[in-house]
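Trainee: Got a structure for you, written out below as structure tokens; questions coming shortly.
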Amino acid sequence: MTSRRDGILREMGLAPLWRLRGAAEIEEAPVVEPAPPEPVVRAPAMPPSEMQAVDEATVKPLARFAPPVAGLSSGPPIEAPATHRDVPGDIASLGWDELDARIRACDACELCQRRKQAVPGVGDRQADWLFVGEGPGAEEDARGEPFVGQAGRLLDNMLASIDLKRGEDVFIGNAVKCRPPNNRTPEVSELAACFPYLQRQIGLIQPRLIVALGRPAAQALLNQEVKIGAMRGKLFEYNGIPVIITYHPAYLLRNQADKAKAWEDLCFARATMRRLKHEVEA
Ligand code: URA
Numbered sequence: 000m001t002s003r004r005d006g007i008l009r010e011m012g013l014a015p016l017w018r019l020r021g022a023a024e025i026e027e028a029p030v031v032e033p034a035p036p037e038p039v040v041r042a043p044a045m046p047p048s049e050m051q052a053v054d055e056a057t058v059k060p061l062a063r064f065a066p067p068v069a070g071l072s073s074g075p076p077i078e079a080p081a082t083h084r085d086v087p088g089d090i091a092s093l094g095w096d097e098l099d100a101r102i103r104a105c106d107a108c109e110l111c112q113r114r115k116q117a118v119p120g121v122g123d124r125q126a127d128w129l130f131v132g133e134g135p136g137a138e139e140d141a142r143g144e145p146f147v148g149q150a151g152r153l154l155d156n157m158l159a160s161i162d163l164k165r166g167e168d169v170f171i172g173n174a175v176k177c178r179p180p181n182n183r184t185p186e187v188s189e190l191a192a193c194f195p196y197l198q199r200q201i202g203l204i205q206p207r208l209i210v211a212l213g214r215p216a217a218q219a220l221l222n223q224e225v226k227i228g229a230m231r232g233k234l235f236e237y238n239g240i241p242v243i244i245t246y247h248p249a250y251l252l253r254n255q256a257d258k259a260k261a262w263e264d265l266c267f268a269r270a271t272m273r274r275l276k277h278e279v280e281a
């Protein structure tokens, strides 16, 4: 019988059955029905070897510092830099409603000139999971909700593949809240102008884990140049919150071959979340 998850993986381009190479330490790929009961998470000492191989070849070693960060005391090390960035004073104290109003009225960069509306974000305001995209596209600009177009449908399937659902313990936001014209990549100055809003959202949500979808989101959060291929499979942090980087769903729609890597990243994220929860409970 075809399971719901097989359907989701098929939608992600991973069907019929795709098993993560060397992933036993991270996560069993969903090939067995019924799913085994979830034991206590066995945290891998390091990311799987094939991920490391990519990283070591392409990333200059960043300074590593010892965990714990946000309660994470085992598993892969968290990469530096870990510069704490304060939220600008006038935004730091805003509640949800004031923040949303502020975002909707924002004219801090030129993206405000051509937007239909700003798109602050959607979901559980006390979520453990925060997914951060790049910026609204045409459908999001029209509807005022992030990821409601084709990329959004893939994001929903990606969430479902690790048993998550939009709005249930998940908040979805963007690095810039207004649509860049013709869906171009946001400028660095636009990312910087919008970042205080994301910072405040993070402060209000206090997620356990942030998943950066694509390069602009990761650059905004980490305040550094990002190469996804080199940085995926590792843990970074924003102000003490672990950050995992993966491909943007719109990129995956154009580059189906990388969906398997995105699935690896999602498994890594799920294992990290389990470890975070387990370590808080222990
Ligand atoms: N792409 C994004 O990065 N965000 C959206 O909200 C929609 C598409």
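Counting in numbering that gives the first Met the number 0, the sequence shown runs without a single skipped number right up to 281 at its last residue.
All C-beta atoms, glycine included, are put in the ideal place defined by N, C-alpha and C.
My guess is that residue 209 and residue 237 are in contact by the Cβ rule of under 8 Å, so how many angstroms apart are they, rounded?
Mentor: The sequence position of residue 209 within the sequence shown is 210, counting from 1. The sequence position of residue 237 within the sequence shown is 238, counting from 1. Confirmed, about 6 Å.
Trainee: With burial defined as no fewer than 16 other Cβ atoms inside 10 Å of the residue's Cβ, what is the status of residue 173: buried or exposed?
Mentor: Taking the first residue of the sequence shown as position 1, residue 173 is located at position 174. Classification for residue 173: buried.
Trainee: Any heavy atom of the ligand URA closer than 8 Å to the beta-carbon of residue 232?
Mentor: For the purposes of this step, residue 232 is taken as residue 233 along the sequence shown, with counting starting at 1. No, the ligand URA has no heavy atom inside 8 Å of this Cβ.
Trainee: Does the beta-carbon of residue 181, which I'm using as the reference point, lie nearer than 8 Å to any heavy atom of the ligand URA?
Mentor: Taking the first residue of the sequence shown as position 1, residue 181 is located at position 182. Residue 181 Cβ: outside cutoff for every heavy atom of the ligand URA.
Trainee: Could you pull the start and end residues of the beta strand (DSSP E) that residue 287 belongs to?
Mentor: Coverage of the chain is limited to positions 0 through 281, which leaves residue 287 absent and any answer about it impossible.
Trainee: Compute the Euclidean distance between the alpha carbons of residue 160 and residue 4, then round it to the nearest angstrom.
Mentor: For the purposes of this step, residue 160 is taken as the residue at position 161 of the sequence shown. For the purposes of this step, residue 4 is taken as the residue at position 5 of the sequence shown. Approximately 6 Å between the Cα atoms of the pair.
Trainee: To which residues of the same chain is residue 95 closer than 7 Å at the C-beta, ignoring the five residues directly before and after it?
Mentor: Sequence index remark: in the sequence shown, residue 95 carries index 96 (1-based). Excluding residues within five positions, the ones whose Cβ falls inside 7 Å are 124 and 203.
Trainee: Would you check whether the ligand URA has a heavy atom nearer than 8 Å to the C-beta of residue 146?
Mentor: Locating residue 146 in the sequence shown gives position 147, where the first residue counts as 1. Correct: residue 146 has its Cβ closer than 8 Å to the ligand URA.
Trainee: Where does residue 212 sit, in a helix, a strand or coil, going by DSSP?
Mentor: As a working note, residue 212 is residue 213 in the sequence shown. Residue 212 falls in the strand class under three-state DSSP.
Trainee: Where residue 8 and residue 156 are concerned, what is the direct C-alpha to C-alpha distance, given to the nearest angstrom?
Mentor: Within the sequence shown, numbered from 1, the residue matching residue 8 stands at position 9. Within the sequence shown, numbered from 1, the residue matching residue 156 stands at position 157. The straight-line gap from Cα to Cα measures roughly 8 Å.
Trainee: Assign residue 164 to buried or exposed, taking buried as 16 or more other Cβ atoms, counted over all protein chains shown, within 10 Å of its Cβ.
Mentor: The residue labelled residue 164 in the question sits at position 165 within the sequence shown. That one is exposed.
Trainee: How about residue 121 and residue 135: are their beta carbons less than 9 Å apart?
Mentor: Counted from its first residue, the sequence shown places residue 121 at position 122. Counted from its first residue, the sequence shown places residue 135 at position 136. Contact: no.
Trainee: Buried or exposed for residue 85, going by 16 or more other Cβ atoms inside 10 Å?
Mentor: Here residue 85 corresponds to residue number 86 of the sequence shown, with the count starting at 1. Under this definition residue 85 is an exposed residue.
Trainee: Pull up the distance between the alpha-carbon of residue 256 and that of residue 225, whole angstroms please.
Mentor: Numbered from its first residue, the sequence shown carries residue 256 at position 257. Numbered from its first residue, the sequence shown carries residue 225 at position 226. In a straight line, the C-alpha of residue 256 is about 20 Å away from that of residue 225.
Trainee: Just to check, is the beta-carbon of residue 340 closer than 8 Å to a non-hydrogen atom of the ligand URA?
Mentor: Residue 340 falls outside the range modelled here, since the chain spans only 0 to 281, and no answer is possible.
Trainee: Applying the criterion that 16 or more other CB atoms from any shown protein chain within 10 Å of the CB defines a buried residue, is residue 198 buried or exposed?
Mentor: To locate residue 198, count along the sequence shown from 1; it is residue 199. Its Cβ being crowded by 16 or more others within 10 Å, residue 198 is buried.
Trainee: Could you check whether residue 131 and residue 219 sit closer than 9 Å to each other, using their CB atoms as the reference points?
Mentor: As a first step, residue 219 is located in the sequence shown; it is residue number 220 there, counting from the start. As a first step, residue 131 is located in the sequence shown; it is residue number 132 there, counting from the start. In contact: residue 219 and residue 131 (Cβ atoms closer than 9 Å).
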